[in-house]
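Following: one structure in structure tokens, then a few remarks.
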Amino acid sequence: MTIDIELQIASYTKTLPHPIQFKNWALATLHDQNIVIADLTIRIVDKQEMQLLNKQFRAIDKPTNVLTFPYEPMPGIQSSTLGDIVICADVVEYEAAQCQKDYLAHWAHMVIHGCLHLLEFDHIDSADADIMETLEIKLLTTLGFNNPYAANK
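Per my numbering, the sequence shown runs over residues 26 to 178.
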């Protein structure tokens, strides 16, 4: 029983957490959801790469903070691969500064948010958003961070 998390860093910023932190946040999320066998990739990118991905896959021509790409195996094939999480370093840093959030907390939030999307949580409607936000708050609090939505409620 193993969880394999590959970290790809294609963009650096002054607030980029240590690689171990990314893995710890992802592991905390997966363990909370009783996932004991999994493979996923977390890729840190710049604004240009994120904008390209957002335009190609969501038809939105601007960068965003996090995108997820769930793995869909061929019918009848079993796989522990969850998919990929792509996080834009520039956007995360900008959002944290604009909202006066702790940089590390915002990075943790993006990793947790991405992991939950790979586990099929979503926030398309308000009921689903409430479920996802509650999980995010619980996980972030467990990891020693504040509620990221407190200022928005």
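Backbone N, C-alpha and C fix where the C-beta goes; we use that ideal spot for every residue, glycine too.
The structure displayed is predicted, hence computed values, not measured ones.
Residue i - partner residues in DSSP beta bridges
i          : result
residue 31 : 66
Cβ separation of residue i and residue j, assumed to be a contact under 8 Å, to the nearest whole Å
i           : j           : result
residue 113 : residue 70  : 6 Å
residue 142 : residue 93  : 4 Å
residue 58  : residue 144 : 6 Å
Reduced DSSP secondary structure (H/G/I, E/B, other) of residue i
i           : result
residue 108 : strand
residue 100 : coil
residue 179 : There is simply no residue 179 to check, as the chain begins at 26 and stops at 178 in what is shown.
residue 146 : coil
residue 91  : strand
residue 60  : coil
residue 140 : helix
residue 128 : helix
residue 168 : coil
residue 43  : coil
residue 155 : helix
residue 84  : coil
residue 38  : coil
residue 174 : coil
Proximal residues to residue i (C-beta, below 7 Å), its chain only, five neighbours per side dropped
i           : result
residue 87  : 76 and 79
residue 178 : Residue placement at residue 178 is poorly supported in this model, since its pLDDT is 49, which falls under 50; the coordinates are not used for a value here.
residue 158 : 174
residue 125 : none
residue 63  : 28, 55, 105 and 107
Close beta carbons around residue i, own chain, < 8 Å, minus the five adjacent residues each side
i           : result
residue 165 : 130, 133, 134, 137, 171, 172 and 173
residue 35  : 68, 69, 70, 71 and 74
residue 85  : 79
residue 123 : none
CB contact flag (residue i, residue j, <9 Å)
i           : j           : result
residue 52  : residue 67  : no
residue 55  : residue 31  : no
residue 111 : residue 72  : no
residue 40  : residue 118 : yes
residue 153 : residue 147 : yes
residue 106 : residue 100 : no
Cutoff 6 Å; reference residue i; Cβ partners in own chain excluding five residues on either side
i           : result
residue 109 : 66 and 94
residue 128 : 40 and 121
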